[in-house]
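2 protein chains.
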Amino acid sequence: MRSDCPLNYGIEIFGDKWSLLIIRDLMFFGKRYYNEFLQSTEGIATNMLADRLAMLEKEKIIRKEKDSQHKQKIIYSLTEKGIDLLPIILSIGLWSEKYATIELNPNRDMILSDARKSVPRRVEKMKKKLLKEHSPTA
Amino acid sequence: MRSDCPLNYGIEIFGDKWSLLIIRDLMFFGKRYYNEFLQSTEGIATNMLADRLAMLEKEKIIRKEKDSQHKQKIIYSLTEKGIDLLPIILSIGLWSEKYATIELNPNRDMILSDARKSVPRRVEKMKKKLLKEHSPTA
DNA sequence: TGACACTGCTTGTATTTTGCAAGTGGATGC
DNA sequence: GCATCCACTTGCAAAATACAAGCAGTGTCA
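As they're listed, the protein sequences go chains A and B.
Just so we're aligned, residue 41 is where the first sequence starts under the working numbering, counting upward by one.
Just so we're aligned, residue 41 is where the second sequence starts under the working numbering, counting upward by one.
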């Protein structure tokens, strides 16, 4: 680690171009499988994805389980530590919505609209829902 | 741009290992000069710093002015677009405070303590203060 | 039982980004 | 008028990323 600054700590863990996008896919789009992450429009390379998933698991931001139905499949889900990235993701979204100089996807607006007014209470509600969705061996 | 997702938009602009640290130095530590940014404990290289400052100015997150007293000096300050990164920075700090596995700098706690309880109102107050500090030709 | 396809990866290599050290040109100080 | 400060720039090595191909384990169907 380069310093003991809390901001730097977060940046060193998820401050790359891919980690938060993987979290987003888990959080808002119900993605759970390796192949699903690969198909996101940003186009992550397969070795990068493998690398980030391993890192996020090591940091206990996501967890990895075998799919009991299909033995070759692996299910990824968020831990509470991962779910608590929600306020960060929403605040980045709200900033972009305010300042983006390109046209943003209007569907994503619906996700942000929940956060737009009173952030903390809405975030609490969303967190509870996510905790249910991402409970182990769901 | 890789996609029209609001989260991705933010990541593509300030989602590297240095940009938010520069913003932090402007926001909380009153740094205004090139040399001051160089001296931060994370140790940014001078070419990286020059590159990021140029990018942040191009994105209108910071502004660049000549110091009227010392003509060789250049003053950097935040625009409102830059000041509005505050909720993002605070939410990263709060997450780190909750989950960091290393010992964090306790001085930074004081910055976060403002945000800890009721985020939006505190953020509004901090934003107003920053707008004054970073008004052009201050 | 064997051929084929799907799954989550790994491996190899080209390209890009970053990091480090040294240097540059225009003030400023004495 | 010479050294020093300031905001950079340049050159090169090292690391991270992107792209393409391959591979082992499982499932599917004949």
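Each residue gets a CB set at the ideal place from its N, CA and C atoms; glycine is no exception.
All values reported here derive from a predicted model rather than from experimental measurement.
When the Cα atoms are used, what is the spatial distance from residue i to residue j?
{"i": "S118/A", "j": "D107/B", "result": "According to the sequence provided, residue 118/A is Leu. The question's Ser does not apply to it. Distance between the alpha carbons of L118/A and D107/B is about 49 Å."}
{"i": "V159/B", "j": "K138/B", "result": "15 Å"}
{"i": "V163/A", "j": "K157/A", "result": "11 Å"}
{"i": "N75/B", "j": "S43/A", "result": "19 Å"}
{"i": "A85/A", "j": "R161/B", "result": "41 Å"}
{"i": "L130/A", "j": "G50/B", "result": "11 Å"}
{"i": "E120/B", "j": "L61/A", "result": "26 Å"}
{"i": "F54/B", "j": "M88/B", "result": "14 Å"}
{"i": "E173/B", "j": "E52/A", "result": "29 Å"}
{"i": "K57/A", "j": "Q112/B", "result": "36 Å"}
{"i": "M41/A", "j": "A140/B", "result": "12 Å"}
{"i": "G70/A", "j": "S153/B", "result": "34 Å"}
{"i": "I102/A", "j": "I142/B", "result": "19 Å"}
{"i": "T177/A", "j": "R72/A", "result": "12 Å"}
{"i": "S175/A", "j": "S175/B", "result": "47 Å"}
{"i": "I114/A", "j": "K168/B", "result": "48 Å"}
Could you check whether residue j and residue i sit closer than 7 Å to each other, using their CB atoms as the reference points?
{"i": "L170/B", "j": "I123/B", "result": "yes"}
{"i": "R64/B", "j": "L125/A", "result": "no"}
{"i": "F68/A", "j": "I128/A", "result": "no"}
{"i": "K104/A", "j": "Y116/A", "result": "yes"}
{"i": "C45/B", "j": "N147/A", "result": "no"}
Going by DSSP, name the residue or residues bridged to residue i.
{"i": "Y116/A", "result": "K104/A"}
Please classify residue i as buried or exposed, where buried requires at least 16 other C-beta atoms within 10 Å of its C-beta.
{"i": "S59/B", "result": "buried"}
{"i": "A155/B", "result": "buried"}
{"i": "M166/B", "result": "buried"}
{"i": "G83/B", "result": "exposed"}
{"i": "H110/A", "result": "exposed"}
Check whether the segment 71 to 85 of chain B touches the segment 119 to 138 of chain B, taking contact to mean three or more Cβ pairs, one atom from each stretch, closer than 8 Å. no
For the structure I just gave you, are there three or more beta carbon pairs, one from the segment 88 to 97 of chain B and one from the segment 91 to 103 of chain A, closer than 8 Å? no
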